[in-house]
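Student: Structure below; questions to follow.
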Amino acid sequence: MTDPNSFNTYTGADYGGLNVDDSQMDWLKSKKRDEPLIAAASGSSVPHIRQVFHRYNTDVSRQRAIPAFGTRTCRTDVSTIGRREANDPVFQALDENSPELHSLSEKRQLSFLPGLRNRQGWTYDRVREEYKERKVKERDNRFGLSLWTKIKTKVYCELYKDKLLGFVNSAERRLIFVILDLIVDFLFCILYMVEMQMSEVTGFSPHWLWVDRPTVVWYLMILLTCENIISRLAQILFTQTTRYSTIISLYTFLDVVTGAPVIVSLFIKHGQYLYVPYFLRSIVVVWRIKRAIRNVISINADRLYDPLLMKLIVLVAYIIIIVYNGMAAFQYFELMFANTNYNLIDSFYFTITTVSTVGYGDIVPKSIPAKFVVILLIVVVLTILPGLISGMLETLNQKHSGGGSYERIRDSNLIVICGVFDRIQSVRDILNGFLHQERQSTTTHLVFLGREKPTVQIKVLFNMPSYKNRVTYLHGSVLNTQDLKRASVETASAVFMLSDHNVADSIEEDENNTLRTWAIHVYAPHVPIYTYNHHPFTSAYQKRVVRQTISPQEFQQALIGHNCLYKGSATLILNLLYNSRPIDKYSEPWQAQYDDGSGNEIYSGLVNPIFVGKPFTFVSWYLFQEFQAILFAVSVYVKKSNSHHIVLNPGSHYLLGPKDICYYISQGPEEVNDISNLSQSQFETSLKHIEYLTPSERDLLMNPHVSSKYTACNRRSVIEKFPSFNSDIIIGQPPPRYEDLDTPLCHLLKYPIESAEKIILPDARRMTGHILICSGYSDPFRLICTLRAAHITSSEHRHIIILRSQPPTEDEVRILGVFPDVYFVIGDVRSEKDLLRAGILGCSRLIILRKQNVAQKHDEYVDTSVIMCNQLARRILKQHDACKYIMVELVEQENVKLLQATDKHCKDKFTKVFTHAGIYASGQVFVDCSIDHLFYLSYHNKAIMKLVKLLCGLRSQKDLALDTKLDITSSYLCYIKVPEKFVGMSYNSLYRELATEQGIIPLGLFRAPDLDLGNTTPFVFTNPVPAMLLKNDDLVYVLKVTFD
């Protein structure tokens, strides 16, 4: 097992400290983006910098991996891949001998339109798409195509479709095209008004088909029509819906009506005078305005827009368009059929008096067609305008919202959420958790039953176009039966009960939440209830009436503790829960890798019959190299109890069963659907294209029953195999902090400490390698359970020092005295003297926990003490030239940026959301709201909470008893060093070796600070692309039996 201390991690300004010679310093100065690092140099030795310098001074022919396992080759010559690809940071991080990269290089060289190329160069999304496309062709055996089909597919489909789609369908460019079309339509309207003012009856026959049009107007009309035709063809070609619906639409019909006569006029005599009703172009103006508003909202998703203003803009646009079309049609028919030429003012005057139903009678239609125009105009006004005005008034009345009721629509999925919704970010997280486009259909409707009236920001958010028809807010009480009836609770698919975060007495709030839960159960006993409580012990009162309950404390400290053991593991796990949106631009290469990894989520599905009877790890490797998805866990079917038992990586000896449920880490549900739909013929064909699959491995995947290498065998009890490194330490379950609290197996003292004096240290300055916890008033029980989990090895076992202002109580001594090597130092966490006395200079990890049960309503400064303690610790470490891994727990996600506010060279340009901040990507900050996503995901995936517990290493006696009964070896999440022979090789090669030879499943990488990638702190890279090249300072997150 790798000792985490062997990996140097630098935080904030402490990463500076470079000790290099003059030649190395000259080279570093030549790297402009690294100037802040050079300025921060203070004399410390950083081996990584020397390694980077050495790598740049060695021969260019650095060894890389090729698809054939176990072999290496030199780097491809720059001339064969193009100079731009050679300098692209995404390309440099990948194995350029992989087929998907060669295919992408060829496509980019085929492109003769520079504007179609991504300004950022290559993207990992495009690499994944190319890899997926190649694998689909291999499985379907679609390589034997004719020459013409190859040319047409390669040049047309791939070059134009893929690149233009990527260029056109971005929100920013769609907005540009919409504005351009809107400008063209406005010019058409202005041009027609000019023609109205100057038009006269010609002598051609029939007279109504010709107008006296100036030559300049005709030329401009032709020019605008050409742009309009190109725009329509582009919309049909690059539509995100079906092309049929785009072609058969009102807008295409208007384009034909206004564009065809213009084209005809180019080929007939006197075509300049052919009448064209292009005033009808004004009809699409409203549609383009709506599209422009939607695109603006999509681009600036974090901003709130006033729906009343948007509705007012649309209403005014409708009125102007109706008036404009009325005056244009009236003027034309009066001129042609009544020989009366009204000017613009008279036409406008007549239309206004008609629309307003005043009708003075001084101007009246004389021709029959003009009378029909007036009739149609009145009908349109009476049918369209009242609906628009009532919609605007309804939006205006939202200021007094919260009343009314909701009637469930047939076949809709109704979810009722009860609580206090006064924090805009919390409501955004709820909407993202339930209405995530990859997970939920458009039939889902959310009803918020709030105990307080909605704030102005909440009203504006719910009235945005993306939520207007999918979210309803009702003001009421869960204890009131009439309010439950208004919310249609009896027809809901689920009810979520949320405790208020901002209360002084969290125990009382949990008790109130229990009463609300009982009220829901009494009113609608058949409706599933999910509860969110402050404290774990509250679930004892709710477990009989709820389907799922969660306490954030239970998971927060478990994640923090596991992150303390294996750096960045909390970020790895939380990113699998958080529905992050990919970014279009990034300032440093590392951000592209981190963003690609954070796009992965956990999905589940019944095992494909093809894989029944095949070794788990072999199937996992096959699915990764075929679908870029990681099979990391399985829910084993237990026949006797007709239930399932979840296990992380049961190992190579386990053969998948027909009723097993598989759990995957992938970029989206499409990969899981492809796995489920994989046919036997496709599976056999894909194996033929795996050149480095040995005959025995091929036989194992095709006919697993013929191999005896991985058959199950009788093993000793799992508990007997846990590491034991002290005769005074045993394996057992610590006494629970509260009744009915399920505690995991831990390392415990054979003879627990009963006196507080024995665990209080006056000074810990001489201790080294310990974990220092600045706990404030937090209860660290769950944190200690994780740090003393039964699977922890001797190299991972560290002394724990808890710095707090109050000595432990008798109850705390009883609870924490059973754990080995846990001590207290009494002092102030914001005192430099006390931090030094607690051994901050000698510790290997520093954890700063927030205070609990002190939140007040709208307290913006709840994280002040934590942030100041963090700054003090960094200042102390900098003064003593020491580097430590610091982890901070925050309440408010907006405060993440304040943790490094004083570090000028660490200012992050990549922090639209806190999950993309560099300090979060390195696992050095934990935000409490991250756990909220786990609660919402429990509705979609019932096993998600259990999976998170297992990933944190929390297994109970019951779990391990089932493992022994089913003869399954449990795996745990940890990290290992990249084996030396795989440095410079592809991630796919490492995955194959670990999965098929050692029974280990890799999940991702923990990448060290790197000048090439531009990261001053480490970062987590979940589920890298198969062609990703490994570095000697990478750590690999794996699922393995850590005590083997």
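Going letter by letter, the sequence shown gives residues 1 to 1044 in the UniProt record's numbering. The beta carbon of each residue, even a glycine, is placed where N, CA and C say it ideally should be.
Can you give me the Cβ contacts of Phe616 inside the same chain, cut-off strictly under 8 Å, excluding the 5 residues immediately before and after it?
Tutor: So the qualifying residues of the chain are Leu631, Val634, Asn649, Pro650, Gly651, Ser652, Tyr654, Leu655 and Leu656.
Student: Tell whether a beta-carbon distance below 7 Å holds between Lys135 and Glu626.
Tutor: Contact flag set, yes.
Student: Taking the straight line between their C-alpha atoms, what separation do you get for Ile550 and Pro536?
Tutor: Cα-Cα distance, rounded: 7 Å.
Student: Determine which residues share a DSSP beta bridge with Phe537 and list them.
Tutor: Phe537 is not bridged to any residue.
Student: I'd like the list of long-range same chain contacts for Asp763, defined as Cβ closer than 7 Å, with 5 residues on each side in sequence excluded.
Tutor: These residues qualify, in order along the chain: Arg837.
Student: Between which two residues does the alpha helix (DSSP H) carrying Pro552 extend?
Tutor: Looking at the DSSP string, the run of the alpha helix (DSSP H) that includes Pro552 is Pro552 to Leu565.
Student: Could you compute how far the alpha carbon of Glu554 sits from the alpha carbon of Asn141?
Tutor: Their backbone Cα atoms lie some 50 Å apart in a straight line.
Student: When the cut-off is 7 Å and only beta carbons count, does Leu104 lie next to chain B?
Tutor: No chain B is part of this structure, which consists of one protein chain only.
Student: Let's test the definition: count the other Cβ atoms within 10 Å of the Cβ of Asn469 and tell me whether it reaches 16, buried, or not, exposed.
Tutor: Exposed.
Student: Where does the unbroken beta strand (DSSP E) through Phe824 begin, and where does it stop?
Tutor: Unbroken beta strand (DSSP E) run through Phe824: Val822 to Ile826.
Student: Hey, how far is the Cα of Leu1003 from the Cα of Leu994?
Tutor: So the two alpha carbons sit approximately 11 Å from each other.
Student: State yes or no: is the C-beta of Thr793 within less than 7 Å of the C-beta of Pro744?
Tutor: No.
Student: Using the Cα positions of Gly391 and Lys453, report the straight-line distance between them to the nearest angstrom.
Tutor: Rounded to whole angstroms, Gly391 to Lys453 spans 22 Å at the Cα level.
Student: Can you tell me whether DSSP reads Gly433 as helix, strand or coil?
Tutor: Three-state DSSP puts Gly433 in a helix.
Student: Check whether the Cβ atoms of Ser775 and Ile802 lie closer than 7 Å to each other.
Tutor: Result yes, Cβ atoms of Ser775 and Ile802 sit closer than 7 Å.
Student: Could you please give the first and the last residue of the uninterrupted alpha helix (DSSP H) stretch that includes His933?
Tutor: Looking at the DSSP string, the run of the alpha helix (DSSP H) that includes His933 is Ser930 to His940.
Student: Considering only their Cβ atoms, is the gap separating Glu894 from Asp863 smaller than 7 Å?
Tutor: Not closer than 7 Å, so no.
Student: Figure out for me which residue from Ser755, Ser844, Leu266 and Leu899 has the closest Cα to the Cα of Leu870.
Tutor: As written in the sequence, residue 870 is Asn, which differs from the Leu given in the question. Answer by Cα proximity: Leu899.
Student: Kindly indicate which residue of Ser679, Leu182 and Phe348 has the alpha-carbon position closest to the one of Leu224.
Tutor: Closest option to Leu224, Cα to Cα, is Leu182.
Student: CA-CA distance, Asn1032 and Pro979?
Tutor: Answer to the nearest angstrom: the Cα atoms are 8 Å apart.
Student: Classify Cys418 as helix, strand or coil using the three-state DSSP reduction.
Tutor: Looking at Cys418 - three-state DSSP - the assignment turns out to be strand.
Student: With a floor of 4 residues, list each alpha helix (DSSP H) that falls wholly inside the region 305–391, ordered by position along the chain.
Tutor: With a minimum length of 4 residues, the continuous alpha helix (DSSP H) runs that stay inside the region 305–391 are 307–337 and 344–355.
Student: What's the gap between the Cα of Gln331 and the Cα of Met196?
Tutor: Between Gln331 and Met196, the C-alpha separation is close to 8 Å.
Student: What separation, rounded to the nearest whole angstrom, lies between the Cα atoms of Phe683 and Arg139?
Tutor: Cα to Cα, the separation comes out at about 7 Å.
Student: How far does the alpha helix (DSSP H) with Lys132 in it extend, from its first residue to its last?
Tutor: Tyr124 to Asp140 is the extent of the alpha helix (DSSP H) around Lys132.
Student: Relative to the C-alpha of Gln593, which residue among Leu104, Glu100, Glu96 and Asp125 is closest?
Tutor: Residue Asp125 is the option with its Cα nearest to Gln593.
Student: Going along the chain, which unbroken runs of the alpha helix (DSSP H) with 4 or more residues stay wholly within the UniProt domain "RCK N-terminal" (767–876)?
Tutor: The UniProt domain "RCK N-terminal" (767–876) contains these whole alpha helix (DSSP H) runs: 781–787, 810–816 and 832–837.
Student: Below 8 Å on the Cβ atoms is my guess for Val888 versus Val866; work out the distance and round it to an integer in Å.
Tutor: Contact holds; Cβ gap of about 6 Å.
Student: Among the candidates Ile931, Ser426 and Val546, whose CA atom is the shortest distance from the CA of Gln556?
Tutor: Among Ile931, Ser426 and Val546, the Cα nearest to that of Gln556 belongs to Ile931.
Student: Indicate whether Met497 and Thr531 have their beta-carbon atoms separated by less than 7 Å.
Tutor: Contact flag set, yes.
Student: Classify Asp95 as helix, strand or coil using the three-state DSSP reduction.
Tutor: Asp95 falls in the coil class under three-state DSSP.
Student: How would you label Leu382, buried or exposed, when you count the other beta carbons within 10 angstroms and need 16 or more for buried?
Tutor: Classification for Leu382: exposed.
Student: So, with DSSP's three-state summary, where would you put Thr964?
Tutor: Correct three-state label for Thr964: helix.
Student: Using 10 angstroms around the beta-carbon of Phe725, count the other beta-carbons present and answer buried if the total reaches 16, otherwise exposed.
Tutor: It counts as exposed.
Student: For Arg232, which residues in the same chain have their Cβ closer than 6 Å to its Cβ, ignoring the five residues on either side in sequence?
Tutor: Asp255.
Student: For Asn1023 versus Ile665, is the C-beta spacing smaller than 7 Å?
Tutor: Going by C-beta atoms, Asn1023 is nearer than 7 Å to Ile665.
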